[in-house]
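Novice: Take the sequence shown: its letter number 6 is residue 6 in the UniProt record's numbering, and every next letter is one higher.
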Amino acid sequence: MTRIVVLPHENLCPEGAVLEAEPGESVCRALLRNEIEIEHACEMSCACTTCHVVVREGYDSMEEPDELEDDYLDKAWGLEPDSRLSCQAIVADEDLVVEIPKYTINMVSERH
1 MTRIVVLPHE
11 NLCPEGAVLE
21 AEPGESVCRA
31 LLRNEIEIEH
41 ACEMSCACTT
51 CHVVVREGYD
61 SMEEPDELED
71 DYLDKAWGLE
81 PDSRLSCQAI
91 VADEDLVVEI
101 PKYTINMVSE
111 RH
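Next up, the structure:
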């Protein structure tokens, strides 16, 4: 098991969290499985930026983003060098520290 430390987020995870994830699982699925309701408007198909996270530690343990993910990341609000789409960021065998940005680019939210 790999540990994911989620830094505090005002709305989704005010206290922060420590999760367990299986290598091969996406960061997005691990967050959702642990009741951290990160936005994922495209249903994890790499077609939006709503699940954008910044990997503060452990970034190099994951495979590099492919061209499609890079294209979407270029549109993400608050893009940083260690940004990933959590639906495409696959957990490896190194612990991760992730931060969920305060804002995402999503003109319509499914949650009310």
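Beta carbons: idealized from backbone N, C-alpha and C, even for Gly. These numbers were taken from a predicted model, which means no experiment stands behind them.
Just curious, the beta strand (DSSP E) that Ala21 is in, first and last residue?
Specialist: Working through the sequence shown from its first residue, we reach residue 21 at position 21. Ala21 -> beta strand (DSSP E) spans Ala17 to Ala21.
Novice: Grouping DSSP H, G and I as helix and E and B as strand, with all else coil, what is Ser61?
Specialist: Taking the first residue of the sequence shown as position 1, residue 61 is located at position 61. It is helical.
Novice: Which value, in whole angstroms, describes the spacing of the CA atoms of Arg29 and Asp74?
Specialist: Counting from one through the sequence shown, the residue named residue 29 turns up at place 29. Counting from one through the sequence shown, the residue named residue 74 turns up at place 74. Going by the C-alpha atoms only, they are around 22 Å apart.
Novice: Am I right that Glu15 and Arg3 are in contact with their C-beta atoms under 8 Å? What's the rounded C-beta distance?
Specialist: In the sequence shown, counting from the first residue as 1, residue 15 sits at position 15. In the sequence shown, counting from the first residue as 1, residue 3 sits at position 3. Incorrect: roughly 16 Å between the Cβ atoms, too far for contact.
Novice: Does DSSP classify Val53 as helix, strand or coil?
Specialist: Your numbering for residue 53 matches position 53 in the sequence shown. Correct three-state label for Val53: strand.
Novice: Kindly identify the DSSP beta-bridge partner or partners of Leu96.
Specialist: Within the sequence shown, numbered from 1, the residue matching residue 96 stands at position 96. Answer is Ile4.
Novice: Please work out which residues of its chain come closer than 8 Å, Cβ to Cβ, to Pro8, disregarding the five sequence neighbours upstream and downstream, and give them in chain order.
Specialist: The sequence position of residue 8 within the sequence shown is 8, counting from 1. Here the set comprises Pro14, Glu15 and Gly16.
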